[in-house]
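Numbering (this note's numbering), first residue to last: 121 to 378.
Taking it in order: structure first as structure tokens, then the write-up.
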């Protein structure tokens, strides 16, 4: 079936206008669009048993994560937030998202005084609404498969629209920026989960240490290397003094037997 593009006559053709400059990122108003989710490094505050948050500790947030992702994205509307730029024209993208399925995990790790925020999600999202520019308005509908993980530089997506548009790449970028901006909020909240205050007593132990193979070597404190060396020297000196005061048994020579 032949496609009717007459409804896009009011949209300038970039080849006819010879305008091939890169378009700026869409402006989401109060929600800043992003193309990747950034995870900031954090100091760790582990459980009371985890001295100085040095040992491995994991906390699971799967149930909270799925619920929070749904709250942020399901039934979320882009009206007033997503503006697509195409050939020096602004188009308002007004669609509503609907999560059809969500699979994934969310957790945090603590190790060597640092906290890692981890996540891995696969979402299937439908969207429907319209796109408007000037006096023109077109129906808009489709779906997107959205995959994101903590180790990814950017989310992986697969878009499918119910009809074709001459500005489809820009449209995909605008919708993707909105979804990823929402996911950035999720990651920020996930990173704030768990303990946020320094411990006192045993858990606040901050003895200087370095890693030697699979063991920890403490330089200071009662169990530190310096203290152990001093104790060993003291013990050796006491033993030498006792041997001098109490010579060992003799047989038929002057050589000590022990």
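Built from N, CA and C at the ideal position, the CB exists for glycine as well.
None of the values given here were measured: they were computed from a predicted structure.
Here residue 246 has 218, 220 and 263 as same chain residues with Cβ atoms under 7 Å from its own Cβ, once five neighbours each way along the sequence are excluded. Approximately 7 Å separates the beta-carbon atoms of residue 224 and residue 185; this is inside 8 Å, confirming the contact. With a 10 Å radius around the Cβ and a threshold of 16 neighbouring Cβ atoms, residue 187 comes out exposed.
Taking all protein chains in view, the Cβ of residue 235 is crowded by 16 or more other Cβ atoms within 10 Å, so the residue is classified as buried. The beta carbon of residue 280 sits closer than 8 Å to those of 262, 263 and 264, all from its chain and outside the five residues before and after it, given in chain order. Using a Cβ distance threshold of 9 Å, residue 198 and residue 298 count as a contacting pair. The three-state secondary structure of residue 241, taken from DSSP, is strand.
DSSP, reduced to helix, strand and coil, places residue 361 within a helical segment of the structure shown. Counting only runs that start and end inside the segment 232-297, the beta strand (DSSP E) elements of at least 3 residues fall at 234-253, 256-269 and 276-281.
Residue 216 has 197 and 248 as its beta-bridge partners, per DSSP. Within the model, the alpha-carbon separation for residue 282 versus residue 208 is close to 25 Å.
DSSP lists 228 as the beta-bridge partner residues of residue 179. Annotation for residue 285: 291 place their beta carbon closer than 7 Å to its own, counting only its chain and skipping 5 residues before and after.
For residue 203, the three-state secondary structure derived from DSSP is strand.
Residue 189 holds the alpha-carbon nearest to the alpha-carbon of residue 244 among 201, 301, 189 and 214.
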